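Read the structure below first, then the notes.
Number of protein chains: 2
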Amino acid sequence: MAREAGLSKTTVSAALNGTGRLSPAVREKARETARRMGYRPNATARQLRAGRARLIGYVVGEFAGAPWTFLESPYFAQLTSATAAAALKRGYALVMLPAGELHGEWADLPLDAVIVADPVADDRIVEDLLAARIPVFTDRSVEGRPGAHWVDVDAAAAVCETLDHLKAQGARRPALVLPDSTTRFHVGVLAAYREWCAAQGLPEQVVLAATAGNGPVVRAVEDALTGADRPDALLVVAEVSPPLVLEVARRNGYDVPDDLLLVCVSEDTTAVHTQPPVTTLSLGPREVAEAGIELLVAALEQGHAGPAGVLVPTRLQVRASSLRTS
Amino acid sequence: MAREAGLSKTTVSAALNGTGRLSPAVREKARETARRMGYRPNATARQLRAGRARLIGYVVGEFAGAPWTFLESPYFAQLTSATAAAALKRGYALVMLPAGELHGEWADLPLDAVIVADPVADDRIVEDLLAARIPVFTDRSVEGRPGAHWVDVDAAAAVCETLDHLKAQGARRPALVLPDSTTRFHVGVLAAYREWCAAQGLPEQVVLAATAGNGPVVRAVEDALTGADRPDALLVVAEVSPPLVLEVARRNGYDVPDDLLLVCVSEDTTAVHTQPPVTTLSLGPREVAEAGIELLVAALEQGHAGPAGVLVPTRLQVRASSLRTS
DNA sequence: GGCTTGTGCGGGAACGTTCCCGCAACAATA
DNA sequence: TATTGTTGCGGGAACGTTCCCGCACAAGCC
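Residue numbers (the working numbering), protein chains in the order written: chain B, 1 to 326; chain Y, 1 to 326.
Set out below in structure tokens:
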């Protein structure tokens, strides 16, 4: 406290905050003294007075088994950084937390809310937080969580748009590679694919990757390409490095795009630098983050005004890998 | 406060913290009541009492121009997550902050310390923080910052180990691709490369990438490979996707490893899944993070015991791309 | 000059904890 | 029984801020 300046704590507080009725002389004197002695108001005390800490927790649910690997996925890297950016723009800071059962470690943090990215159906993070009266926000909605807000993408629309594009480019046997997951998004993708194939009268060919990660997905791609009926298009709905997929295709005698039209669901920027560049379906992590933070801040500051959920559009980035050369 | 339980605040506090002299009956009663009404002690108030918030800020300096893109680099993704994990293990939480001049946004955060990852020579983050009496920790040391602690890798040793390996595999014209950066690490790498070439009597060939990022680095690799004297080995000391480098090499008529031994400085896990798998030099972000947090916590909790800096070893992961098939 | 209105600043309380100490009640000892 | 020690709990202060209000003084009005 700058009682150094010969002023009261009240006056100093008002001077630094620009509030209260103070003469310009006194205000400047307080500020000057603070500057001189490097005084900065104690953030914790302000939080205590204010009743909130402007701190948001951030957990990724899908990787509960390997709590700290999610950032290696370009989707989560972008989602995370965009969330932090959007939050900070509105005056909130993001705290990175591990998934898993060690919720005790968060108890010492004054979190105003927690964002659970991609919660899986069977873990208890969301329930635990709601029980502790901490507001919860998720991307990817989870059924049966009445108290939670969510942001999601329209999986069916995205799949249909992509498959329509592939068909327009001449695909008649488009295959789908998908992780073996119960996430709402993946379930939605599979359903949409089947429905589309049925509606178009085209054969369906689905290969499931055992788990997420480059290794299993690459193997699944290889399986899809070496199967009995060679597909003429491939839609990979799993985090995998696009150049890696391209390499696998080449290794197995495919020429992209002449023998195989390729689309990857990916945020990986390497897709632009391959030859040919790979068409990607972006799930818009930056948009998801922006919408989620907007929802969160609205709920936090204006009570429960606004919707419980928001749907965000996807973006199909068409590049040479899915364009017939004809 | 659980005066609901018919107890005093003091007693409740002691009961929940496991401190004080309380009869088991009273202690259990307090805990039971807290559980029943979902009471959790206010974290902000505890911080105020304790005098610290157990909160650590985290900034990446190198990307001040594009504040939120660093997570797309596997190195920083791993460094960030490992830092968060190590910090949390010791009871500290990590807050992600943007680089740039908007330090005002952090003023409201009760940060016990700030980690500045890869500070660039010419920005003022470190000075600003030290002026605000906030302890600063950096990976990659910066000269002339007496108050700051640091963790670094031995660039010279890493380069020599790698070049020795390449020479042992038959390389006589090893080229170096490097970003055009003044970072201490890159400067050290270049110096070590030149020294090694001179000592071995081998010609040096250096190509600088205009900036970081896959695009510029890929172009630099292409330049190196299409230059007048075809190199027989390539050391890429820049964040770039290994499969992309492999593709560029193939496109330019190189067979890896027969025509070209390839080593990438990279943490990218795709290196394992290419054919051939790519040899990588890991800068050990997880080790850097662990060492940095250990240093930080020691300094924070025991005053200034311990060293100001720590050197962390690198790891050369030899794979088929740098092994002569003979 | 008395009365009201406005300005400039400070005192006290409160935010929710934890720490220090004091005060009962009871047991052990003389 | 008087003295000392121990156990079990609560009262009060303090952490550093901000908000509410009150007080002194000056200026305007009749």
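Don't be surprised by glycine CBs; every beta carbon is placed ideally from N, CA and C.
Everything numeric in this text was worked out from a predicted model, so none of it was measured.
Cutoff 6 Å; reference residue i; Cβ partners in own chain excluding five residues on either side
{"i": "threonine 279 (chain B)", "result": "Val263, Val318, Arg319, Ser321 and Ser322"}
{"i": "alanine 374 (chain Y)", "result": "Residue 374 (chain Y) lies beyond the stretch modelled for chain Y, which goes from 1 to 326, so this question has no answer here."}
{"i": "leucine 364 (chain B)", "result": "Given a span of 1 to 326 for chain B in the structure shown, any question on residue 364 (chain B) remains unanswerable."}
{"i": "valine 189 (chain B)", "result": "Ala155, Val159 and Val237"}
Classification of residue i by the beta-carbon crowding that lies within 10 angstroms, buried from 16 upward
{"i": "glycine 303 (chain Y)", "result": "exposed"}
{"i": "arginine 184 (chain B)", "result": "buried"}
{"i": "aspartate 268 (chain B)", "result": "buried"}
{"i": "arginine 36 (chain B)", "result": "exposed"}
{"i": "serine 326 (chain B)", "result": "exposed"}
{"i": "glutamate 32 (chain Y)", "result": "exposed"}
{"i": "glutamate 247 (chain B)", "result": "buried"}
{"i": "proline 74 (chain Y)", "result": "buried"}
{"i": "threonine 274 (chain B)", "result": "buried"}
{"i": "serine 181 (chain Y)", "result": "buried"}
{"i": "alanine 198 (chain Y)", "result": "exposed"}
{"i": "serine 23 (chain Y)", "result": "exposed"}
{"i": "proline 231 (chain B)", "result": "buried"}
{"i": "serine 81 (chain B)", "result": "buried"}
{"i": "alanine 84 (chain Y)", "result": "buried"}
{"i": "arginine 140 (chain Y)", "result": "buried"}
Which listed residue (the options) has its alpha carbon closest to that of residue i
{"i": "glutamate 72 (chain B)", "options": "B:Val240, B:Ala191 and B:Asp152", "result": "B:Val240"}
{"i": "leucine 111 (chain Y)", "options": "Y:Ala132, Y:Arg124, Y:Asp118 and Y:Pro119", "result": "Y:Ala132"}
{"i": "leucine 260 (chain Y)", "options": "Y:Arg173, Y:Leu79 and Y:Val126", "result": "Y:Arg173"}
{"i": "valine 207 (chain Y)", "options": "Y:Val218, Y:Gln78 and Y:Met37", "result": "Y:Val218"}
{"i": "alanine 86 (chain Y)", "options": "Y:Thr325, Y:Leu311, Y:Arg286 and Y:Thr314", "result": "Y:Arg286"}
{"i": "proline 135 (chain B)", "options": "B:Pro307, B:Leu296, B:Arg315 and B:Val312", "result": "B:Leu296"}
{"i": "histidine 149 (chain B)", "options": "B:Ala82, B:Glu32, B:Ala117 and B:Ala171", "result": "B:Ala117"}
{"i": "aspartate 258 (chain B)", "options": "B:Glu222, B:Ala298, B:Ser181 and B:Gly170", "result": "B:Gly170"}
{"i": "leucine 283 (chain Y)", "options": "Y:Asp154, Y:Ala34 and Y:Leu22", "result": "Y:Asp154"}
{"i": "leucine 300 (chain B)", "options": "B:Gly91, B:Ala113 and B:Thr19", "result": "B:Ala113"}
{"i": "arginine 324 (chain B)", "options": "B:Thr83, B:Ala168 and B:Asp108", "result": "B:Ala168"}
{"i": "glycine 215 (chain B)", "options": "B:Pro242, B:Ala198, B:Leu202 and B:Pro203", "result": "B:Pro242"}
{"i": "isoleucine 56 (chain Y)", "options": "Y:Leu88, Y:Pro41, Y:Leu79 and Y:Arg46", "result": "Y:Leu88"}
{"i": "leucine 316 (chain B)", "options": "B:Pro307, B:Ile293 and B:Asp164", "result": "B:Asp164"}
{"i": "glutamate 222 (chain B)", "options": "B:Gly51, B:Tyr254 and B:Arg124", "result": "B:Tyr254"}
Close Cβ partners of residue i (< 7 Å) along its chain, the five nearest in sequence each way excluded
{"i": "arginine 27 (chain Y)", "result": "Ala15"}
{"i": "arginine 49 (chain Y)", "result": "none"}
{"i": "valine 256 (chain B)", "result": "Leu246, Ala249, Leu262, Pro276 and Ser321"}
{"i": "alanine 158 (chain B)", "result": "Leu281 and Thr314"}
{"i": "alanine 5 (chain B)", "result": "Val12, Lys29, Ala30 and Thr33"}
{"i": "glutamine 47 (chain B)", "result": "Ala53 and Pro110"}
Residue j beta carbon less than 7 Å from that of residue i
{"i": "proline 179 (chain B)", "j": "alanine 228 (chain B)", "result": "no"}
{"i": "alanine 364 (chain B)", "j": "glutamine 200 (chain B)", "result": "This structure leaves residue 364 (chain B) out entirely; chain B is present only between 1 and 326."}
{"i": "valine 310 (chain Y)", "j": "alanine 291 (chain Y)", "result": "yes"}
{"i": "threonine 44 (chain B)", "j": "alanine 53 (chain Y)", "result": "yes"}
{"i": "leucine 244 (chain B)", "j": "threonine 270 (chain Y)", "result": "yes"}
{"i": "alanine 30 (chain B)", "j": "valine 12 (chain B)", "result": "yes"}
{"i": "alanine 209 (chain B)", "j": "alanine 249 (chain B)", "result": "no"}
{"i": "valine 187 (chain B)", "j": "alanine 220 (chain B)", "result": "no"}
{"i": "glycine 61 (chain B)", "j": "proline 119 (chain B)", "result": "yes"}
{"i": "threonine 138 (chain B)", "j": "leucine 281 (chain B)", "result": "no"}
{"i": "valine 126 (chain B)", "j": "alanine 93 (chain Y)", "result": "no"}
{"i": "asparagine 252 (chain Y)", "j": "leucine 235 (chain Y)", "result": "no"}
{"i": "valine 272 (chain B)", "j": "valine 151 (chain B)", "result": "no"}
{"i": "cysteine 160 (chain Y)", "j": "tryptophan 106 (chain Y)", "result": "no"}
{"i": "isoleucine 115 (chain Y)", "j": "tyrosine 58 (chain Y)", "result": "yes"}
Beta-carbon contacts of residue i that lie in its chain and below 8 Å, excluding the five residues immediately before and after
{"i": "proline 203 (chain Y)", "result": "Arg173, Cys197 and Asp229"}
{"i": "proline 91 (chain Y)", "result": "First, the amino acid is wrong: residue 91 (chain Y) is glycine here, not proline. Closer than 8 Å at the Cβ level, and outside the excluded window around glycine 91 (chain Y), lie Arg54."}
Handout entry: Residues from the stretch 205–221 of chain Y in contact with chain B, defined by Cβ distance under 7 Å
Key = Contacts with chain B (Cβ-Cβ distance below 7 Å) from the stretch 205–221 of chain Y involve Asn214, Gly215 and Val218, listed in chain order.
Exercise for the section: For the stretch 15–47 of chain B, enumerate the residues whose C-beta is nearer than 9 Å to any C-beta of chain Y, in chain order. Expected result: Listed in sequence order: Gly38, Arg40, Pro41, Asn42, Ala43, Thr44, Ala45, Arg46 and Gln47.
Practice task
Give the residues from the stretch 69–88 of chain B that approach chain Y closer than 8 Å (Cβ to any Cβ), ordered along the chain.
Solution key: Legend: CB atoms of the stretch 69–88 of chain B lying less than 8 Å from CB atoms of chain Y belong to residues Thr69, Phe70, Leu71, Glu72, Pro74, Ala77, Gln78, Thr80, Ser81, Ala82, Ala84, Ala85 and Leu88.
Handout entry: Selection of the stretch 229–251 of chain Y by Cβ proximity to chain B, strictly under 8 Å
Key = Cβ contacts with chain B come from Ser241, Pro243, Leu244, Leu246, Glu247 and Arg251.
Problem - chain B contacts from the stretch 248–279 of chain Y (Cβ-Cβ distance under 7 Å) - result: Residues of the stretch 248–279 of chain Y that bring their beta carbon within less than 7 Å of a beta carbon in chain B comprise Arg251, Thr269, Thr270, His273, Thr274 and Gln275, in sequence order.
Practice task
Pull out every residue of the stretch 106–129 of chain Y whose Cβ sits closer than 7 Å to any Cβ of chain B, in chain order.
Solution key: Listed by position along the chain: Ala107, Asp108, Leu109 and Pro110.
Practice task
Taking a Cβ distance cut-off of 8 Å, strictly less, list which residues of the stretch 277–300 of chain B are near chain Y, in chain order.
Solution key: Listed in sequence order: no entries.
Exercise for the section: Taking a Cβ distance cut-off of 8 Å, strictly less, list which residues of the stretch 176–198 of chain Y are near chain B, in chain order. Expected result: Sequence-ordered contacts of the stretch 176–198 of chain Y with chain B are nonexistent [C-beta pairs closer than 8 Å].
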